[in-house]
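Residue numbers (the working numbering): 795 to 1120.
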């Protein structure tokens, strides 16, 4: 996972242009800007600078009624290198040809384009998400799928994909920026900023939004949803494939075919990733021993668990723990 911002000359700050869309999410906007400010403060130098822009000279109203006066209007912006669109309520209805054409022009000129909260709608309307993965606030997932069925939507807290970066809104904007700081400027600075927010930990973008199962699996087949429910209910005592197939009323061949069609993987691989995801949460959020975690997640030995964990996350469970400590 590389930096979300476009590389600039050495010793020059990353410059961020933040576009406020009416009814934007004030939480996403605030934590994003504050993370930039705190990064500068803790680094003792200007790592980031930013401007807030809007489509006209009027103050922009947030979804909670607060008014924010932008630094400049969109027509005065020349050659931005990093653009972040912050929206909120009813972004799926928002249409502004000046903004859309400006985003496309900036992108053609090499800018990195990102979005907070429901800002993925704005990028999609502007035609900037074709061929990219993105994330959007979980309450908008179903409607986004319906409106843009060909766009790849992840149920992660945030997604970095080459010149695009998106997050699910709210405090996920902070999670995204903490990961950016860690990637770009090191874990020490990211930890200092995290402590200012009294935020417990820096998380991976692959962690899922807290979503209902049917939403996480989109419009998946009911038999697939049932199979996943059985897997999630049996993490410690792992079910064999024939048992899962029997419980959902399918043959093993049918189960394999449906998982490939709707989830793009095998039941065995999906089940293993569920267990490893649970293991990662236990490693980072509890004081359970690695052996206890292995057994709690259905592994018969610590060595097998360690190998699977390293294959999935690129590090041994022991290293995961050491990295957390310091």
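C-beta atoms are modelled at their ideal positions from N, C-alpha and C, and glycine is treated no differently. Values in this document were obtained by computation on a predicted structure and should not be read as measured data.
Is the beta carbon of residue i less than 8 Å from the beta carbon of residue j?
| i | j | result |
| --- | --- | --- |
| residue 991 | residue 968 | yes |
| residue 919 | residue 876 | no |
| residue 829 | residue 880 | no |
| residue 871 | residue 912 | no |
| residue 1121 | residue 1092 | A question about residue 1121 goes unanswered here, because the residues of the chain that appear run from 795 up to 1120. |
| residue 808 | residue 841 | yes |
| residue 835 | residue 886 | no |
| residue 817 | residue 884 | yes |
| residue 927 | residue 948 | yes |
| residue 963 | residue 1033 | no |
| residue 864 | residue 814 | yes |
| residue 921 | residue 898 | yes |
| residue 825 | residue 965 | yes |
| residue 819 | residue 859 | no |
| residue 798 | residue 1053 | no |
| residue 1099 | residue 1088 | yes |
Using three-state DSSP, classify residue i as helix, strand or coil.
| i | result |
| --- | --- |
| residue 865 | coil |
| residue 924 | coil |
| residue 1039 | helix |
| residue 854 | strand |
| residue 892 | helix |
| residue 884 | coil |
| residue 953 | strand |
| residue 991 | coil |
| residue 1084 | helix |
| residue 1078 | helix |
| residue 999 | With a pLDDT of only 49 at residue 999, under the threshold of 50, the placement of this residue in the model should not be trusted, and no figure is reported. |
| residue 938 | helix |
| residue 959 | strand |
| residue 946 | strand |
| residue 805 | coil |
| residue 1071 | helix |
| residue 829 | helix |
| residue 1113 | helix |
| residue 1028 | coil |
| residue 1033 | coil |
| residue 839 | coil |
Can you name the start and end residues of the alpha helix (DSSP H) that residue i belongs to?
| i | result |
| --- | --- |
| residue 813 | Per DSSP, residue 813 belongs to no alpha helix (DSSP H); it is in the beta strand (DSSP E), 808–814. |
| residue 819 | It is not in any alpha helix (DSSP H) - residue 819 carries neither H nor E in the DSSP assignment. |
| residue 978 | 966–979 |
| residue 1107 | 1096–1107 |
| residue 798 | Looking at the DSSP string, residue 798 is not in any alpha helix (DSSP H), and its letter there is neither H nor E. |
| residue 917 | 913–919 |
The beta strand (DSSP E) that contains residue i, what's its start and end?
| i | result |
| --- | --- |
| residue 847 | 842–848 |
| residue 906 | 906–910 |
| residue 1091 | Neither: residue 1091 is in no beta strand (DSSP E) and is coded neither H nor E. |
| residue 1053 | Segment 1046–1057 is the alpha helix (DSSP H) holding residue 1053; no beta strand (DSSP E) there. |
| residue 878 | 876–880 |
Classify residue i as buried or exposed, calling it buried when 16 or more other Cβ atoms lie within 10 Å of its own Cβ.
| i | result |
| --- | --- |
| residue 866 | exposed |
| residue 950 | buried |
| residue 1117 | exposed |
| residue 946 | exposed |
| residue 1061 | buried |
| residue 795 | Summary for residue 795: the model assigns pLDDT 47, below 50, so the residue's position carries little reliability; its value from the coordinates is reported in the next sentence. Label assigned to residue 795: exposed. |
| residue 1081 | exposed |
| residue 896 | buried |
| residue 1018 | buried |
| residue 929 | buried |
| residue 851 | exposed |
| residue 831 | exposed |
| residue 933 | exposed |
| residue 1027 | exposed |
Quick one: does residue i have its CB under 8 Å from some CB of chain C?
| i | result |
| --- | --- |
| residue 874 | Of the chains in the structure shown, none is chain C; there is only one protein chain. |
Cβ contact check for the segment 1063–1078 and the segment 1098–1117: 3 or more pairs under 8 Å: Yes, since at least three Cβ pairs between the segment 1063–1078 and the segment 1098–1117 fall closer than 8 Å, the two stretches touch.
Looking at C-beta atoms only, is the number of pairs between the segment 1044–1064 and the segment 1017–1031 that lie closer than 8 Å three or more? With the rule of 3 Cβ pairs closer than 8 Å, the segment 1044–1064 counts as touching the segment 1017–1031.
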